[in-house]
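S.K.: From first to last, the protein sequence lines stand for chains A and B. Take this note's numbering: the final residue in the first sequence is number 448, and no numbers are missing along the way. Take this note's numbering: the final residue in the second sequence is number 1448, and no numbers are missing along the way. There's a structure below that I have some questions on.
Protein chains: 2
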Amino acid sequence: MTRDLTITEVRLTPILVADPPLLNTQGVHQPYTPRLIVEIVTADGITGVGETYGDTKYLELARPFATKLIGRQVSDLNGLFTVADEVAVDGARVTGQVDVGGLRGVQTADKLRLSVVSGFEVACLDALGKSLGQPVHALLGGKLRDTVEYSAYLFYRWADHPQGVAAEKDDWGAAVDPAGVVEQARRFTERYGFTSFKLKGGVFPPDEEIAAVRALAEAFPGHPLRLDPNGAWSVETSLKVAEELGDVLEYLEDPTLGTPAMAEVAARLREAARGDSGEGDGERRAGLPLATNMCVTTFAEIKEAFTRDAVQVVLSDHHYWGGLRNTQQLAAICRTFGVGVSMHSNTHLGISLAAMTHVASTVPNLHHACDSHYPWQSEDVLTERLTFENGRVTVSDAPGLGVELDRDKLAVLHRRWFDDDGSLRERDDAAAMRIADPEWATPPVPRW
Amino acid sequence: MTRDLTITEVRLTPILVADPPLLNTQGVHQPYTPRLIVEIVTADGITGVGETYGDTKYLELARPFATKLIGRQVSDLNGLFTVADEVAVDGARVTGQVDVGGLRGVQTADKLRLSVVSGFEVACLDALGKSLGQPVHALLGGKLRDTVEYSAYLFYRWADHPQGVAAEKDDWGAAVDPAGVVEQARRFTERYGFTSFKLKGGVFPPDEEIAAVRALAEAFPGHPLRLDPNGAWSVETSLKVAEELGDVLEYLEDPTLGTPAMAEVAARLREAARGDSGEGDGERRAGLPLATNMCVTTFAEIKEAFTRDAVQVVLSDHHYWGGLRNTQQLAAICRTFGVGVSMHSNTHLGISLAAMTHVASTVPNLHHACDSHYPWQSEDVLTERLTFENGRVTVSDAPGLGVELDRDKLAVLHRRWFDDDGSLRERDDAAAMRIADPEWATPPVPRW
């Protein structure tokens, strides 16, 4: 009856996963993106799986971390952060601020460590749940809903990668204008039943993206819409877009970079809303909400942003925040400060979607559909893909995460990583763009 | 192997527990104080125990709450708050602000509900831990330390209750002056090994209490000292005491009532510290920290207090905050905002001390010894009392809380509650004081 929860083995498998040519303000997704699959084995032979970012800087932290886990209890989740601190001390390469820029917000040594912790934490929770016969959500205090809603994550995209035949091809075709975006949204709706839509912006001049959101609003009247230019705009541009789209947007996501600029946009939106004596309802009069997964991505960034009322919705990413239990803590902080919460997604596979779904089911103040890239990923490492019905993923009640690793698929994707000459082991959307446009340089901020 | 975690029975046992004649700014502890013992039984016959406040207003909420738990899963801890909301809707008596005043901070319907939830949450965690073969700390992510430090909770007190022979008598004798307080501290140290000391103040004029703390500082040089007048002082008095005791206090607890007054004291202490070009070290120059378990006792009170830097240490009480998992969330919020955390205690028994010890062992940012009344309680409902060694309680690794209910003892204390004419079922320190002093009225605030 008593289980031996001692960790006896940790396996780290870096992989490369096919990714479509999705556009963002930095460039275009490469044909393959790195992920790291974590497996944790207990003395009883139970295996738990986790997933996180797979770029080299994550792998370099994950390896010593894995070594330190041997002999610990799989239930010792608080202790993972102590281990992370030890790894930090050992790994002299990763200390202080590591600014790699890009789309993942501030990159500090702490945040890298937390992204690594998240892969191990999810694997521990999966193993613990399987050992105790409990679903992961029960280990997080129990689900508050049976399904979790996701939004359709729309991207401007090309039909093919600039690398040509060296890449996987999908059948989605291009989307580079309002009609293409609406067509993509229709297909998302037909296939998965999504009822809310997020458009990744920052790709075309704001007027074109405003037109695309307007086209979505006409095609899907009353459905929640979001636009996310990844901080590509100035304060003035952000205010202009907010003014033009305020009546149809659920929220505007990271229109501009950094808490001071976001705080200024938010303050001026509130001011404008208060000055508007028109027909607006109470919520609208509070100003169009700003959401972020760029200026609040660590606990250290919360105090300034919340005391300045810079953001109204935090899109948590359990990788950034150090796992599912930290995500619950973030949600509690948001609840306490009257800030909304939802979830961000970067390219990920089914393990992370399952993890997101478990934790999302336990968060009381989850009032917005979560983002997920998952529909764009044609490959996975699971025996069965997770499915969206009516835009929702059902919360599994099976022990652990409720997913099963497919070792053959994992081996194929690992082989691809192993065979890579190194050029795809670090995600670099600007490098991919330079294949199409040799003159491409990462745009200055603000771009518009 | 798979457990049936369904709740099949809930038992509520109100009791009266002997309490010594401890003095505070409201009056004196009555000879007996009400507590509620909660037992939750699962389909597998596992019983979990919890403990909370036992005044009638808590019992009235606990009864419908207990009924609603039947058929739910003992692992469904997040759902307890949903149940609490339902009870609130049903229980028309407890809505909106319920101001009963006293020592427990703001009294709202929400806070009453959370205090009731905590008793059920701890009982569920105990039952869940026993069912899964895991200690409660493992259900909270695992202990970060093997023992938890407590402080000696010193009280001005009389030798006997004014009720005379109708009450239990202990052998501690009176302590109504500096010498008495030092003698009490010595005895605490000899018996339990405590190395830090908290004096409950607000009883005598500030100069007398300053003298008592000075006497403690001389008798126990270098040991952490705290003084807690339960908000009895004005801003000016608070500043005067801070000035006189700043060099020996670890923190000053609730010198004055309410966040605005606390914020003013804190701001002026910081100002004075900055202006002090003397030999003070960095921490001292930041100003004497203020601690609270009165102006921040609910999540709703956090935003104002933290954005105004009104408090530097929050003394969580898992009863107020809705249980052990909420206490962890509070600690995460404090960590995020650079506010210290420790734990408050009201009169309680061993179940709550065990619960405090489990959660305290999981909180990374616990940098102050916790308070506990437990040494003052000569009675308990456990087969074995918890013990302090070197001022510390060892974190149990047994399944659940690691305590066992003594049904005979429970029956005796319940019989006492049952036989009471009602006069002791509501804790009322002012009523007890009126037996000694018929003219006694709850002092105005600020008292000094």
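Where is the CB? At the ideal position from N, CA and C, for every residue including glycine.
Out of B:1063, B:1071, B:1312, B:1243, which has the shortest C-alpha to C-alpha gap to residue 1044 of chain B?
M.R.: Stepping through the second sequence from its first residue, residue 1044 of chain B is reached at position 44. When each option's Cα is compared against that of residue 1044 of chain B, the closest is B:1071.
S.K.: Identify whether residue 1072 of chain B lies in helix, strand or coil by the three-state DSSP scheme.
M.R.: Within the second sequence, numbered from 1, the residue matching residue 1072 of chain B stands at position 72. In the structure shown, residue 1072 of chain B sits in coil (DSSP, three-state: anything other than H, G, I, E or B).
S.K.: Is there a C-beta anywhere in chain B that falls below 7 Å from the one on residue 96 of chain A?
M.R.: On the first sequence, position 96 is the one that residue 96 of chain A refers to. For residue 96 of chain A, the predicted structure reports a pLDDT of 45, less than 50, and the residue's modelled location is therefore unreliable. A value from the coordinates is still provided. No, its Cβ sits nowhere closer than 7 Å to a Cβ of chain B.
S.K.: Counting only beta-carbon atoms, is residue 1337 of chain B nearer than 7 Å to chain A?
M.R.: On the second sequence, position 337 is the one that residue 1337 of chain B refers to. With 7 Å as the cut-off, residue 1337 of chain B counts as an interface residue toward chain A.
S.K.: Taking the alpha carbon of residue 1375 of chain B as the reference point, which residue from B:1084, B:1212, B:1309, B:1393 has its own alpha carbon closest?
M.R.: On the second sequence, position 375 is the one that residue 1375 of chain B refers to. Measuring from the Cα of residue 1375 of chain B, the nearest candidate turns out to be B:1393.
S.K.: Quick one, are the C-beta atoms of residue 126 of chain A and residue 315 of chain A less than 7 Å apart?
M.R.: Translated into the one-based positions of the first sequence, residue 126 of chain A becomes position 126. Translated into the one-based positions of the first sequence, residue 315 of chain A becomes position 315. Going by C-beta atoms, residue 126 of chain A is not nearer than 7 Å to residue 315 of chain A.
S.K.: With a CB to CB cut of under 7 Å and the five nearest residues on each side skipped, what residues in its chain are close to residue 27 of chain A?
M.R.: In the first sequence, counting from the first residue as 1, residue 27 of chain A sits at position 27. Hits under 7 Å: 429, 430, 432, 433, 440.
S.K.: Could you please tell me which residues of the segment 1065 to 1081 of chain B, in chain order, have their CB closer than 8 Å to any CB of chain A?
M.R.: Going along the segment 1065 to 1081 of chain B in chain order, one finds 1073, 1075, 1076, 1077, 1078, 1079, 1081 with a Cβ nearer than 8 Å to chain A.
S.K.: Expressed to the nearest angstrom, what Euclidean distance is found between the alpha-carbon atoms of residue 1437 of chain B and residue 1236 of chain B?
M.R.: Locating residue 1437 of chain B in the second sequence gives position 437, counting from the first residue. Locating residue 1236 of chain B in the second sequence gives position 236, counting from the first residue. Spanning the two alpha carbons is a distance of roughly 29 Å.
S.K.: Interface residues of chain A around residue 1002 of chain B at Cβ under 8 Å?
M.R.: Against the second sequence, residue 1002 of chain B aligns to sequence position 2. Neighbours of residue 1002 of chain B on chain A, chain order: 133.
S.K.: What did DSSP end up calling residue 1124 of chain B once you bin it into helix, strand or coil?
M.R.: For the purposes of this step, residue 1124 of chain B is taken as the residue at position 124 of the second sequence. Helix, per DSSP.
S.K.: May I have the straight-line CA-CA distance separating residue 1108 of chain B from residue 1299 of chain B, to the nearest angstrom?
M.R.: Taking the first residue of the second sequence as 1, we reach residue 1108 of chain B at position 108. Taking the first residue of the second sequence as 1, we reach residue 1299 of chain B at position 299. One C-alpha to the other measures close to 12 Å.
S.K.: Identify each residue in the segment 349 to 383 of chain A for which the Cβ-Cβ distance to at least one residue of chain B is less than 8 Å, and report them in chain order.
M.R.: Result list: 362, 364.
S.K.: For residue 79 of chain A, is the classification buried or exposed, using 16 other Cβ atoms within 10 angstroms of its Cβ as the cut-off for buried?
M.R.: Here residue 79 of chain A refers to the residue found at position 79 when the first sequence is read from its first residue. Classification for residue 79 of chain A: buried.
S.K.: Give the DSSP bridge partners of residue 370 of chain A, in chain order.
M.R.: The residue labelled residue 370 of chain A in the question sits at position 370 within the first sequence. Partner(s): A:150.
S.K.: Take the Cβ of residue 142 of chain A as the centre, count every other Cβ of all protein chains shown within 10 Å, and call the residue buried at 16 or more, exposed below.
M.R.: The sequence position of residue 142 of chain A within the first sequence is 142, counting from 1. The residue is buried, with at least 16 neighbouring Cβ atoms inside 10 Å.
S.K.: Who are the neighbours of residue 1329 of chain B on chain A, taking C-beta pairs under 7 Å?
M.R.: By 1-based counting over the second sequence, the position of residue 1329 of chain B is 329. Neighbours of residue 1329 of chain B on chain A, chain order: 329, 332.
S.K.: Take the Cβ of residue 39 of chain A as the centre, count every other Cβ of all protein chains shown within 10 Å, and call the residue buried at 16 or more, exposed below.
M.R.: Stepping through the first sequence from its first residue, residue 39 of chain A is reached at position 39. Per the 10 Å Cβ criterion, buried.
S.K.: Would you identify the three-state DSSP class for residue 231 of chain A, choosing helix, strand or coil?
M.R.: As a first step, residue 231 of chain A is located in the first sequence; it is residue number 231 there, counting from the start. Coil.
S.K.: Hey, quick one: how far does the alpha helix (DSSP H) through residue 256 of chain A stretch, first residue to last?
M.R.: Within the first sequence, residue 256 of chain A is the residue found at index 256, counting from 1. First-last for residue 256 of chain A: undefined, no H or E at that position.
S.K.: Pull up the CB-CB distance for residue 1133 of chain B and residue 3 of chain A, whole angstroms please, since I reckon it's below 8 Å.
M.R.: Residue numbering aside, residue 1133 of chain B sits at position 133 when the second sequence is read from its first letter. Residue numbering aside, residue 3 of chain A sits at position 3 when the first sequence is read from its first letter. 7 Å between Cβ atoms; contact.
S.K.: Measure the C-alpha to C-alpha separation of residue 1148 of chain B and residue 1115 of chain B and round it to an integer number of angstroms.
M.R.: Working through the second sequence from its first residue, we reach residue 1148 of chain B at position 148. Working through the second sequence from its first residue, we reach residue 1115 of chain B at position 115. So the alpha carbons of these two residues sit roughly 23 Å apart.
S.K.: Closest by CA to residue 330 of chain A, which one among A:364, A:352, A:159?
M.R.: The residue given as residue 330 of chain A occupies position 330 in the first sequence. Out of A:364, A:352, A:159, A:364 has the C-alpha closest to the C-alpha of residue 330 of chain A.
S.K.: Check residue 1046 of chain B in the structure and name its three-state DSSP category.
M.R.: Here residue 1046 of chain B corresponds to residue number 46 of the second sequence, with the count starting at 1. Coil at residue 1046 of chain B, not helix or strand.
S.K.: Return helix, strand or coil for residue 1093 of chain B, following the three-state DSSP convention.
M.R.: To locate residue 1093 of chain B, count along the second sequence from 1; it is residue 93. Any reading at residue 1093 of chain B is ruled out, since the residue's pLDDT is 49, under 50, leaving its predicted position unreliable.
S.K.: For the segment 206 to 220 of chain A against the segment 410 to 430 of chain A, do three or more pairs of beta-carbon atoms, one drawn from each stretch, fall closer than 8 Å, so that the two count as touching?
M.R.: In short, these stretches do not touch, since the Cβ pair count stays below three.
S.K.: Which same chain residues, not among the five before or five after residue 217 of chain A, have their C-beta less than 7 Å away from its C-beta?
M.R.: Sequence index remark: in the first sequence, residue 217 of chain A carries index 217 (1-based). Correct list, in chain order: 225, 248.
S.K.: Is the segment 287 to 304 of chain A touching the segment 333 to 350 of chain A, taking contact as three or more C-beta pairs under 8 Å?
M.R.: Cβ pair count under 8 Å is three or more, so yes.
S.K.: Can you list the beta strand (DSSP E) stretches of 3 or more residues lying completely in the segment 305 to 376 of chain A, in chain order?
M.R.: The segment 305 to 376 of chain A contains these whole beta strand (DSSP E) runs: 313 to 316, 340 to 343.
S.K.: Are there three or more Cβ pairs, one per stretch, closer than 8 Å when the segment 374 to 390 of chain A is compared with the segment 11 to 26 of chain A?
M.R.: In short, these stretches touch, since the Cβ pair count reaches three.
S.K.: Measuring only the C-alpha atoms, how far is residue 192 of chain A from residue 403 of chain A?
M.R.: To locate residue 192 of chain A, count along the first sequence from 1; it is residue 192. To locate residue 403 of chain A, count along the first sequence from 1; it is residue 403. Answer to the nearest angstrom: the Cα atoms are 20 Å apart.
S.K.: Are the C-beta atoms of residue 142 of chain A and some chain B residue less than 7 Å apart?
M.R.: Position 142 of the first sequence, counting from 1, holds the residue named residue 142 of chain A. Yes, because at least one Cβ of chain B sits closer than 7 Å to the Cβ of residue 142 of chain A.
S.K.: Could you check where the beta strand (DSSP E) with residue 1014 of chain B kicks off and where it finishes?
M.R.: As a working mapping, residue 1014 of chain B is identified with position 14 in the second sequence. Counting along the chain, the beta strand (DSSP E) containing residue 1014 of chain B begins and ends at 1007 to 1018.
S.K.: If the cut is a Cβ gap below 7 Å, which residues of chain C does residue 1307 of chain B touch?
M.R.: Any reference to chain C falls outside this structure, whose protein chains are A and B.
S.K.: Any idea which residues DSSP pairs residue 1141 of chain B with across the strands?
M.R.: Taking the second sequence and counting its residues from 1, one reaches residue 1141 of chain B at position 141. None; residue 1141 of chain B has no bridge partner.
S.K.: Let me see if you follow: with CB-CB separation under 7 Å, is residue 1302 of chain B close to chain A or not?
M.R.: Within the second sequence, residue 1302 of chain B is the residue found at index 302, counting from 1. Yes - at least one Cβ of chain A is within 7 Å of the one on residue 1302 of chain B.
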